[in-house]
Every structure is written in structure tokens, then in C-alpha cells.
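Those protein sequence lines, which keep their order, are chains A and B.
Counting from 1, one number per residue, gives the positions in the first sequence under the working numbering.
Counting from 167, one number per residue, gives the positions in the second sequence under the working numbering.
Structure, as C-alpha cells:
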Amino acid sequence: MRTLNLQRILASLVLATGLAMASSASLAHEKEGIESGLSGRVPMPVHNANTDKGDECVQPEEVMRRDHMKFILHQRDKTMHEGIRTTQYSLKNCVDCHADAKTGSVLGKEGFCESCHAYAAIKLDCFECHSAVREAAAVTPPSAARNLVSPQKMAGVPVKGKKHEH
Amino acid sequence: MNINRRQFLGMGGAAVAAVTLAPGFKLIELAQARSPEEATSSLHRWGLLIDSSKCADGCTSCVSACADENGIQSHNRPATDAQWIRKVTLKDKQTGHVQTLPLMCQHCEEPPCVDVCPTGASFKRADGIVLVDKHICIGCRYCMMACPYKARSFIHEVTTGQKSHAPRGKGTVESCTLCVHKVDRGDGSTACADACKKEGHEAILFGDLKDPSSEISKRLASQPSTQLRADLKLNTGVRYQGI
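Structure, rendered in C-alpha cells:
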């Protein structure tokens with residue numbers, strides 16, 4: 001009876017140590033994965049954001065990872081309705097800092113925003129309306145330039161024979 | 167340093183005396199440029215004064231300047247392309263006299279577009295600028311029907327190449343913002359007014375309707391002007407002369 005108990009205790013001890021070792025190993029893997037973009041088992045998002053602008057974001061990295069959408073949402077209403085245009089949490093400021101060094105955009109496969117949002121499968125609506133391009137790099141692309149409205153057309157001036165009367 | 171109540175009141179009295187000692191010199195100036203962290207206030211009301219007698223027939227520089235400033239693109243479909251400013255030609259049928267004028271959002275004090283908006287997307291800022299919060303806009307277009315000036319446009323197509331100060335997107339309604347980004351920056355002008363001045367016409371004047379010392383207020387006080395559809399009693403922020 002006594003030997004059986006001893007055996008049980010030994011077995012559970014071995015199991016516990018094994019579990020602890022395994023979990024610490026996987027934690028280390030995860031941490032490494034976030035930093036390098038690679039992991040033993042799971043691919044992590046890789047971005048190519050410009051790093052010249054400084055080492056620190058407007059909040060610590062852990063806070064930004066979890067809560068960036070809250071800051072942007074709050075700022076959005078302040079700016080839109082009250083005209084408060086502080087840059088700390090403005091989307092424009094995010095883009096200016098985090099845009100890709102090559103493309104000047106936060107979108108694209110290795111873009112700062114899109115890489116992570118694609119990875120987490122969270123739809124990114126901001127840039128359907130907002131410019132995803134750093135302001136200095138925001139040059140009208142040739143395809144869009146073709147579509148630029150002619151002032152006459154926009155003003156409705158040359159529409160033949162149609163004049164507004166009253 | 168410890169100050170008792172009596173000393174504190176005494177200091178307050180001295181400050182008031184300092185204000186009254188120098189008449190004509192305002193200690194608190196209503197500056198044009200707000201600091202970025204300061205909210206808009208109803209101490210201002212921004213508006214335009216448009217002199218249609220100075221507006222040249224065939225000139226569309228205000229329209230193109232507006233498109234450039236706000237990144238408005240055409241899809242070569244005039245019926246549905248966004249229009250923030252239109253040049254309207256007026257013809258007196260009896261005399262044959264023709265004149266043109268730019269027509270944009272009139273930034274009403276009582277905007278019908280705000281009244282009908284079911285989501286609160288259409289709103290008026292404290293300083294009188296009427297805007298669409300595109301985050302809330304569901305694209306129902308009630309405001310377009312309510313606007314007597316046909317000032318609003320619905321965006322039918324996916325937009326690209328937006329300016330960072332002027333977000334625009336498919337499925338929302340938009341109109342003249344009175345160059346709100348320039349107003350907030352303290353530029354004291356709009357793209358259309360600047361362009362008109364550059365062309366040498368000076369038909370469009372931007373300014374603060376609530377500041378009696380502004381040029382627009384002085385001109386409105388000394389010269390006749392009209393509101394378009396004044397019968398609707400909307401108290402428009404855009405006024406016209408020479409119609």
C-alpha cells in the first residue's frame with residue numbers, strides 16, 4: 001500500500017515538472033516569435049515600418065497593441081465634432097510615423113496596419129476613407145491623376161444648352 | 167507664499183483696474199487661430215460673402231481649387247460625380263442679363279440636412295460649419311433631398327488618393343466643409359477664396375460673421391446682401407451680393 005502511494009506521488013511530480021518545462025518553452029517561443037516574426041509553430045505578422053522616427057510610441061507598446069483603437073476612436077469624435085486637432089492620437093500621426101519605409105503606406109502585405117490586421121482577421125475600415133500614405137509621400141498616383149476632374153466638367157459649365165434659369 | 171482671502175481679493179481688484187486703465191487695449195484677444203487642443207466655440211461663425219458681379223463668366227478657378235484642396239476626383243460621370251462647388255448661371259428672361267455665381271453648402275444656422283439626418287451624422291459645429299461625420303453616415307441621402315441648395319453629393323465609387331486632411335469614402339454623403347482643416351489651422355481663408363483672389367476677381371470673401379471688426383462683417387453691415395432662398399429662414403452663413 002505504502003509503495004503504491006509513493007509511486008503515485010513520484011508520477012505526479014514528474015508530470016508537473018514536464019508541464020512546467022513545456023509551458024515555459026512555448027512562452028519563450030511566442031515572445032521570440034513576436035519580435036522576429038517567426039515562430040516554431042505559428043507564423044507571426046511581419047511589418048516593414050519606418051523605424052527612423054524614434055523608439056517610443058505615444059503609449060507603451062503593450063498598451064498600444066491592445067488599446068490603439070480606443071485612442072483613435074476617442075480622438076476621431078473630438079476632431080470631427082469639436083475641431084480638436086492634437087496630434088498625439090491622430091490617425092494622421094500614426095500613419096506619418098508607422099508608414100512603410102519603401103511604399104510610404106501602412107497598407108500592403110508588410111504594411112504596419114495591414115500585416116497585423118490580416119493576421120488577426122480583423123477588418124480594417126479606416127483606410128477606405130482616410131489616406132494610408134505618409135503626408136510627404138502622398139503624391140497623387142498616375143492612375144488617380146487621370147481621373148482628376150476637369151474644372152469645367154465639375155462646374156457644369158460646358159453642358160450644352162443647359163443653363164440654370166430663374 | 168501664503169495669501170489670505172483679503173489679499174487675494176485685493177489682487178483681483180488690481181487686475182480689474184489694470185484692464186480698465188488702458189481703454190481700447192484688449193487683454194483677451196479673440197485670436198483667429200485656436201490652439202490644437204482647444205474646441206471650436208460659438209464666439210465665431212464662419213461664412214462667405216460672394217459678389218456675383220465680380221464672378222467672371224467661364225472662370226472655374228474656385229471649383230478646381232476646391233477639387234485640388236480636398237482631393238475630389240471625377241469618374242467622368244457628371245450626373246453622379248461629387249460637386250462641392252457648382253458654377254450656376256442665372257439669366258433674366260426679360261432682359262437677357264446673364265450672370266454666374268459659385269454655389270456651395272450655405273452653412274445654414276438652421277440646416278435642414280441636420281434636421282432630417284436619422285443618425286446624427288449631419289451636424290453643425292459650434293462655429294457654424296455644417297459637416298457630415300462620415301463615421302456615422304449610413305448613406306441614406308435624406309440630407310441631399312432636404313437641402314434646398316442641392317449642395318450635397320453621394321459618393322458612389324471607391325475612392326483612392328484622398329488627402330490626409332480630407333477623408334472621403336464610398337457610401338457616404340459629403341459637401342463643402344468650408345475648408346474646415348484650414349479654419350482649424352487658422353489660415354483665415356478657404357481654397358476657393360484664395361483661388362478667386364489669385365485670379366484677380368476677389369468675388370469670394372471668407373471671414374467671421376460674429377467678429378464686428380472682420381472685413382466680411384463690415385461689408386455686410388455697410389452694403390446690401392442677400393441670402394439665397396431667404397424665405398426659408400435658414401440664416402445662411404454664405405451671403406451673396408449683386409444678384
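Just so you know, even glycine gets a beta-carbon here, dropped at the ideal spot from N, CA and C.
Just so it is clear, the structure is predicted and the values come from calculations on it, not from any experiment.
Point to revise | Beta-carbon neighbours of D377 of chain B, restricted to chain A and to distances below 7 Å | key: Ordered by position in chain A, no residue passes the 7 Å Cβ test against D377 of chain B, which lies about 17 Å from the chain.
Review point. Considering S388 of chain B, what are the terminal residues of the beta strand (DSSP E) in which it resides?
Key: Per DSSP, S388 of chain B belongs to no beta strand (DSSP E); it is in the alpha helix (DSSP H), E381 to S388.
**Study point:** Neighbour flag for S330 of chain B against chain A, beta carbons, 9 Å
**Key:** yes
Practice item. Mind listing the chain B neighbours of R66 of chain A? Cutoff is C-beta to C-beta under 7 Å, in chain order. Key: None at all; the shortest Cβ gap to chain B is about 22 Å.
Exercise for review: For P202 of chain B, return the contacting residues in chain A, with the cut-off set at a CB-CB distance below 8 Å.
Suggested key: I84, R85, T86 and T87
Check your understanding: Closest Cβ-Cβ distance between E32 of chain A and chain B: below 9 Å?
Key -> Unreliable placement is indicated for E32 of chain A, whose pLDDT of 45 sits below 50; no coordinate value is reported for it.
Practice item. Using the Cα positions of S207 of chain B and K376 of chain B, report the straight-line distance between them to the nearest angstrom. Key: 11 Å
Exercise for review: With a threshold of 16 other CB atoms inside 10 Å of the CB of L371 of chain B, please say whether the residue is buried or exposed.
Suggested key: buried
Exercise for review: Compare the C-beta of E135 of chain A against all C-beta atoms of chain B and say whether one is closer than 9 Å.
Suggested key: yes
Review point. So, helix, strand or coil for L73 of chain A, using DSSP?
Key: helix
Practice item. Would you tell me roughly how many angstroms separate the C-alpha atoms of A233 of chain B and R252 of chain B, rounded to the nearest one? Key: 11 Å
Point to revise | Given 8 Å, three or more beta-carbon pairs between the region 285 to 303 of chain B and the region 202 to 222 of chain B | key: yes
Check your understanding: Is it the case that the Cβ atoms of C313 of chain B and C228 of chain B are separated by a distance below 9 Å?
Key -> no
Practice item. State the start and end residues of the unbroken alpha helix (DSSP H) segment that holds P278 of chain B. Key: P278 to V282
Check your understanding: Could you give the uninterrupted runs of the beta strand (DSSP E) lying entirely in the region 244 to 332 of chain B, keeping only those of 3 residues or more?
Key -> 252 to 257, 264 to 269, 288 to 290 and 296 to 298
Practice item. Look up A49 of chain A in the DSSP assignment and give the residues it is bridged to. Key: A:D100
Point to revise | Rounded C-alpha distance that separates Q88 of chain A from K220 of chain B | key: 44 Å
Practice item. Look at the alpha carbon of R287 of chain B and the alpha carbon of R41 of chain A, and state the distance between them as a whole number of angstroms. Key: Correcting the residue identity first, residue 287 of chain B is Ala in this sequence and not Arg. Computed Cα separation, rounded: 46 Å.
Practice item. State the start and end residues of the unbroken beta strand (DSSP E) segment that holds D217 of chain B. Key: W212 to D217
Practice item. Determine the extent of the beta strand (DSSP E) in which D223 of chain B is found, giving its start and end residues. Key: Neither: D223 of chain B is in no beta strand (DSSP E) and is coded neither H nor E.
**Study point:** Beta carbon proximity, V339 of chain B to chain A, threshold 9 Å
**Key:** no
**Study point:** Segment contact flag, the region 380 to 398 of chain B with the region 256 to 266 of chain B, C-beta cutoff 8 Å, min 3 pairs
**Key:** no
Exercise for review: Specify the secondary structure class of P378 of chain B as computed by DSSP and reduced to three states.
Suggested key: coil
Practice item. Assign A132 of chain A to buried or exposed, taking buried as 16 or more other Cβ atoms, counted over all protein chains shown, within 10 Å of its Cβ. Key: buried
Exercise for review: Could you check the C-alpha separation between L398 of chain B and P284 of chain B for me, to the nearest Å?
Suggested key: 22 Å
Point to revise | Cβ pair C271 of chain B, L344 of chain B closer than 9 Å | key: yes
Review point. Looking only at its own chain, which residues have a Cβ that is under 6 Å from the Cβ of R351 of chain B, when we skip the five neighbours before and after it?
Key: none
Point to revise | chain B residues whose Cβ lies nearer than 9 Å to that of H117 of chain A | key: What H117 of chain A touches in chain B: nothing, since even the nearest Cβ is about 17 Å away.
**Study point:** CB contact below 9 Å: T261 of chain B versus chain A
**Key:** no
Exercise for review: Answer with buried or exposed for S330 of chain B, where buried requires no fewer than 16 other C-beta atoms within 10 angstroms of its C-beta.
Suggested key: buried
Review point. Do you know whose CA, among A:A101, A:C126 and A:T86, lies nearest D52 of chain A's CA?
Key: A:A101
Check your understanding: For T338 of chain B, which option in B:H347, B:K300 and B:C309 has the closest C-alpha, if you only look at C-alpha atoms?
Key -> B:K300
Exercise for review: Could you say which of A:V63, A:R66, A:A49 and A:P60 lies nearest to T103 of chain A if we only look at CA atoms?
Suggested key: A:A49
**Study point:** D55 of chain A versus A:R76, A:V63 and A:C97, residue with shortest Cα-Cα distance
**Key:** A:C97
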